[in-house]
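Residue numbers (my numbering): 16 to 328. Data block below; observations after.
Set out below in structure tokens:
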């Protein structure tokens, strides 16, 4: 099969005749199926790498990232792993259950990608997204660990579902942000346009439906809904850390996520201090800490042996 035709198929630009030709070719042999997956993997890698180039995610200082991280970002900040392969037909309306792509974003990185249905996703640092090379006939399911911003392509007959550790977020065609880091015990869903339904995975009878500019927080097995007054906390896509009356303890966690460092606080009494402001991620951790020093009295030192550990005294 001509790779150009496959790339056209991946970008959802094929005619019905071309689509049937590709699906028939896939059904001919397992060799064709593996060739298809290799082409899909390459297509995704090129798109993801191009997005990172366009984003201009530059690394400015040694302290911003440890030595091992520099070797990672030289190649690409995303790893695509083919996890499985299982093809099947359903009568004349053949559908494929394809290998699952896993996109993993290291600390300090952001990644833009486009899913097989045209949905656009921006992934935050320390996040993982799993999605199939082709979506199923009845729905479009992805699995998220971490944080991602979705601009979902409308398809009334195929709901788009984001599966997380605690809840499922379902949309038809909408723009929303999901934060669901493993082990955090909470999930936050912010709706910017359209409509989404958030469902408790352990009790599917418990669910909430959001309207634009509403945010649902699920913690301690309970939902709370708040009106979004400011969208600054969603500006991580622009390379900004925005915080409003945020405790230093929480801000330190954000720094660890964005700068791939571990911060030890020896001066515990300063952890409850609340701060408001904006920081550019690309300015680096040293700049961020110097800004905080203008409001909170502390000093910080780098570990002399491990260059990704900082002590605040």
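Glycine is no exception: its CB is placed at the ideal position from the N, C-alpha and C atoms.
- Item | Cβ-based burial, residue 245 [other Cβ within 10 Å; buried from 16] | Residue 245 sits exposed, since fewer than 16 C-beta atoms from the chains shown fall within 10 Å of its C-beta.
- Query: Can you give the beta carbon distance from residue 211 to residue 233, rounded, assuming they're within the 8 Å contact cut?
  - Reply: 13 Å between Cβ atoms; not a contact.
- Can you list, in chain order, the residues of its chain whose CB lies under 8 Å from that of residue 325, leaving out five sequence neighbours each side? Excluding the 5 residues flanking it on each side, residue 325 has same chain C-beta neighbours closer than 8 Å at 276, 277, 278, 279, 300, 304, 315, 316, 317, 318, in chain order.
- Query: Taking C-beta to C-beta, are residue 159 and residue 177 nearer than 8 Å?
  - Reply: Contact flag set, yes.
- Run through DSSP, which three-state label would residue 164 get? Strand, per DSSP.
- If we ignore side chains and look at the alpha-carbon of each, how far apart do residue 123 and residue 225 end up? Approximately 30 Å between the Cα atoms of the pair.
- Whether residue 168 touches residue 198 by CB criterion (8 Å): Going by C-beta atoms, residue 168 is not nearer than 8 Å to residue 198.
- Item | Between the CA atoms of residue 139 and residue 207 - distance to the nearest angstrom | Whole-angstrom Cα-Cα distance: 17 Å.
- Item | Helix, strand or coil at residue 155 [DSSP, three-state] | Of the three classes helix, strand and coil, the one that applies to residue 155 here is strand, per DSSP.
- Query: To the nearest angstrom, how far is it from the Cα of residue 162 to the Cα of residue 152?
  - Reply: Note on geometry: alpha-carbon atoms of residue 162 and residue 152 lie some 26 Å from one another.
- Label residue 83 either buried or exposed according to how many other C-beta atoms from any shown protein chain fall within 10 Å of its C-beta, with 16 as the threshold for buried. In this prediction, residue 83 has a pLDDT of 39, which is less than 50 and means its spatial position is unreliable; what the coordinates show is noted afterwards. Residue 83 is exposed by the Cβ-count criterion.
- Query: By Cβ distance, which residues of its chain are closer than 7 Å to residue 323, with the 5 residues on each side in sequence left out?
  - Reply: The residues are 81, 275, 276, 277.
- Query: With a CB to CB cut of under 8 Å and the five nearest residues on each side skipped, what residues in its chain are close to residue 29?
  - Reply: 20, 23, 37, listed in sequence order.
- Message: Within 10 Å of its beta-carbon, does residue 205 have 16 or more other beta-carbons around it, so buried, or fewer, so exposed?
- Response: Its Cβ being crowded by 16 or more others within 10 Å, residue 205 is buried.
- Message: Going by C-alpha to C-alpha distance, which of 195, 193, 209 sits closest to residue 171?
- Response: The shortest C-alpha separation from residue 171 is found at 209.
- Item | Delimiting residues of the alpha helix (DSSP H) encompassing residue 263 | For residue 263, the uninterrupted alpha helix (DSSP H) run begins and ends at 263 to 274, by DSSP.
- Going by alpha carbons, who is nearest to residue 271 out of 32, 141, 53, 35? Closest by alpha carbon: 141.
- Message: Using C-beta distances below 8 Å, list every residue in its chain close to residue 120, excluding the 5 sequence neighbours before and after it, in chain order.
- Response: These residues qualify, in order along the chain: 92, 93, 126, 138, 139, 140, 141, 142, 143, 161.
- Going straight from the alpha carbon of residue 297 to that of residue 256, what length do you get? Spanning the two alpha carbons is a distance of roughly 10 Å.
- Message: Suppose you measure from the CA of residue 200 to the CA of residue 252; what does that come to, to the nearest Å?
- Response: A straight line joining the alpha-carbon of residue 200 with that of residue 252 spans about 23 Å.
- Query: Smallest Cα separation from residue 181: which of 118, 231, 134?
  - Reply: It is 231.
- Message: Rounded to whole angstroms, what is the Cα-Cα separation between residue 100 and residue 115?
- Response: Low confidence applies here, because residue 100 scores a pLDDT of 35, under 50, leaving its location unreliable and the question unanswered by this model.
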